[in-house]
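Reviewing the structure listed below.
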Amino acid sequence: MLIRPVGEKERVISIDVMRGFALLGIFVVNMLFFHSPYIYINPYTWFQVPGDYETHKWIDIFVQGSVYPLFSMLFGYGLAMQFMKSQEKGTSFTKLAVRRLTILLVIGCIHAFLIWSGDILITYAIAGFVLILMIRLKPIWLVLISALLFLLPNGLLNGLLYFLGKLDPESLIIFTGIQEIEKSIMAYSLGSWGDIFSQRLNDWIYMSGYGLVVLMILFTIVPFLLLGAAAAKLKLIERARSLKVFWIIAIIVGLGAGTAIKWLPYLTEPNVLTMTVQDTFGGPLQAIAYAGILALVCTIPFMQKLLSPVAKAGRMSMTIYLMQSIIATTIFYAYGFGLYGKVDIRTGTWMAVGIYVLQLVFAEVWFMKFKQGPVEVLWRKLTYRNNLS
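Read the sequence shown against the numbering used here and you will find it ends at 436, with the numbers running on by one and no gaps.
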């Protein structure tokens, strides 16, 4: 068998397939927040019905905290590819990238404050600005800085939590906010548009750590963007076939160690420490393993054709992501069907899968006539219009 680098067409499919699968995982996790006041509960003690408990358990172990690092690395991968392309053409990358990230930031703000509080686009835009400052570095430096930004603060944080737990075990208890839960249910299932806006804003402030998210982005998202950029410069996905041994090792280590860490809250005491370790270290390891699995799967021509619908969803990732928020909030919020707080986890999960399948059909039909998703077309027009002004 001839060993050769993955071709251009194959490369695009593999990257888009990863994005497509990440979008499914993101939706499954986000659905927990769409239909219930998930941010205010202790998920390890709240769910008493066996079906809900088991469904949450498997989402928590294999999806939660594992798909956003994958998508973040792909975001960095894409920015680095644009940078290298601009270098080949001799065009300015920085000006265009700043404009695109600024527009992304605006779209994220609209999404966060008018549609759903769990927006991730704002985070990616801010992290993207940081990546631009370091995009010219060699891969080794990108990896080293990524490791330093990730391991040092997160190691110190988890070490601090460990010692706090030794001094006062009760300090690590995950509390359930009963009043916050009641307010959320009242606002989202029965409230006016103003009530929903107010609750959405409160939820965003709470989830952003009352502003600390801007600092935390440096230690949680930026390292993944840097790692993705380094991988792009090394063409790790494009050369998946020739780097098969590398990816197999990454899959075994990432899936084995990552999954073992993700089990921690269920094998020991479920508290702030085990939950933090679970997502901080287990999730990214699984994400690398998932990337390796999909990279190798996409070197098989038959699988490329089979996964073509997922790749098409990945090509219009921003459209799919925003559609998920619009559809879900319409189903669960009072201005739609008002089902917030009335759907169990198992039902919500299957709803997410069903909606995603319909999105795959939408993507197939859309790309029969157009080359880009609707939001991507608007984003591109705004970007290049600004670039020409």
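Where is the CB? At the ideal position from N, CA and C, for every residue including glycine. Computed from a predicted structure; not experimentally measured.
Using beta-carbon positions only, say whether residue 329 and residue 309 come within less than 8 Å of one another. With a cutoff of 8 Å on beta-carbon distance, residue 329 and residue 309 are scored as near each other.
Quick one: residues in its chain with C-beta nearer than 8 Å to the C-beta of residue 149, no 5 flanking neighbours on either side, listed in chain order? Hits under 8 Å: 172.
Is the beta carbon of residue 299 within less than 7 Å of some heavy atom of the ligand NAP? Among the ligands in the structure shown, none appear at all, so the ligand NAP cannot be discussed.
Between the alpha carbons of residue 341 and residue 64, how many angstroms are there, rounded? Roughly 7 Å separates the two Cα atoms.
What residue range does the alpha helix (DSSP H) around residue 128 cover? From DSSP, the alpha helix (DSSP H) with residue 128 extends over 114-136.
Of all the options 391, 424 and 369, which has the alpha carbon lying nearest to the alpha carbon of residue 73? The closest CA to that of residue 73, considering only 391, 424 and 369, is found on 369.
Please report the distance separating the alpha-carbon of residue 102 from that of residue 126. Taking the straight line joining both Cα atoms gives about 35 Å.
Complete runs of the alpha helix (DSSP H) confined to the stretch 352-407 [at least 4 residues]: Entirely contained in the stretch 352-407, the alpha helix (DSSP H) runs reaching 4 residues are, in chain order, 355-362 and 364-379.
If you compare alpha carbons, which of 266, 379, 335 and 358 is closest to residue 300? In terms of Cα proximity to residue 300, the closest of 266, 379, 335 and 358 is 335.
Here's a check: name, in chain order, each residue in its chain whose Cβ is nearer than 7 Å to the Cβ of residue 165, leaving out the five neighbours to either side. Excluding sequence neighbours, residue 165 sits near 77, 80 and 254.
Please go through the same chain and pick out, in chain order, the residues whose beta-carbon is closer than 8 Å to the beta-carbon of residue 248, but skip the five residues on each side of it. When the five nearest sequence neighbours on each side are left out, the beta carbons in the same chain lying within less than 8 Å of the beta carbon of residue 248 are those of 160 and 164, in order along the chain.
Closest to residue 116 by CA distance: which of 304, 184 and 268 is it? Answer by Cα proximity: 268.
Roughly how many whole angstroms lie between the Cα atoms of residue 196 and residue 265? A straight line joining the alpha-carbon of residue 196 with that of residue 265 spans about 7 Å.
Kindly indicate which three-state DSSP category residue 202 falls into: helix, strand or coil? Note: residue 202 maps to helix in three-state DSSP.
Alpha-carbon to alpha-carbon, residue 430 and residue 133: Rounded to whole angstroms, residue 133 and residue 430 show a C-alpha spacing of 15 Å.
First through last residue of the alpha helix (DSSP H) which encompasses residue 287: Note, residue 287: premise wrong, no alpha helix (DSSP H); not H, not E.
Counting along the chain, where does the alpha helix (DSSP H) carrying residue 245 start and finish? Element bounds for residue 245: 240-254.
DSSP three-state assignment for residue 84, whether helix, strand or coil: Correct three-state label for residue 84: coil.
How big is the Cα-Cα spacing for residue 130 and residue 140? Going by the C-alpha atoms only, they are around 6 Å apart.
Could you spell out where the alpha helix (DSSP H) holding residue 216 opens and where it closes? That residue, residue 216, is in no alpha helix (DSSP H); it is neither H nor E in DSSP.
Does the separation of the CB atoms of residue 356 and residue 407 fall below 8 Å? The beta carbons of residue 356 and residue 407 sit closer together than 8 Å.
Following the continuous alpha helix (DSSP H) through residue 345, name the residue where it begins and the one where it ends. Looking at the DSSP string, residue 345 is not in any alpha helix (DSSP H), and its letter there is neither H nor E.
Are at least three pairs of beta-carbons, each pair with one atom in the stretch 222-237 and one in the stretch 87-103, less than 8 Å apart? Per the Cβ contact rule, the stretch 222-237 is in contact with the stretch 87-103 (3 or more Cβ pairs under 8 Å).
Tell me the DSSP secondary structure of residue 164 in three-state form. In this structure, residue 164 counts as coil in the three-state DSSP scheme.
Is there contact here, the stretch 177-196 with the stretch 304-324, by at least three beta-carbon pairs under 8 Å? No contact exists between the stretch 177-196 and the stretch 304-324.
Between which residues of its own chain and residue 326 is the CB-CB distance below 6 Å, once the five residues before and five after are set aside? In chain order, 112 place their CB closer than 6 Å to the CB of residue 326, counting only its own chain and leaving out the 5 sequence neighbours on each side.
Three or more C-beta pairs closer than 8 Å, one from the stretch 234-244 and one from the stretch 173-183: is that the case here? For the pair of segments examined, the stretch 234-244 was found not to touch the stretch 173-183: the number of CB pairs separated by less than 8 Å stays below three.
Chain-order list of residues whose beta-carbon lies under 6 Å from that of residue 95 (same chain, five-residue window excluded): Cβ within range, chain order: n/a, list empty.
What separation, rounded to the nearest whole angstrom, lies between the Cα atoms of residue 394 and residue 261? Between residue 394 and residue 261, the C-alpha separation is close to 34 Å.
I'd like the span of the alpha helix (DSSP H) that includes residue 105, first residue to last. In this chain, the alpha helix (DSSP H) harbouring residue 105 covers 97-109.
Taking residue 120 as the reference, give the member of 66, 143 and 317 with the closest Cα. Of 66, 143 and 317, the residue nearest in Cα terms is 66.
Rounded to the nearest angstrom, what separates residue 352 and residue 419 at their Cα positions? If I take the Cα positions, the gap works out to 19 Å.
Using beta-carbon positions only, say whether residue 154 and residue 376 come within less than 8 Å of one another. No; because the gap between Cβ atoms is not below 8 Å, this pair is not in contact.
What does the alpha-carbon distance come out to for the pair residue 362 and residue 215? Whole-angstrom Cα-Cα distance: 49 Å.
With distances taken between CB atoms, is the gap from residue 365 to residue 423 smaller than 8 Å? Yes, these two residues count as a Cβ contact at 8 Å.
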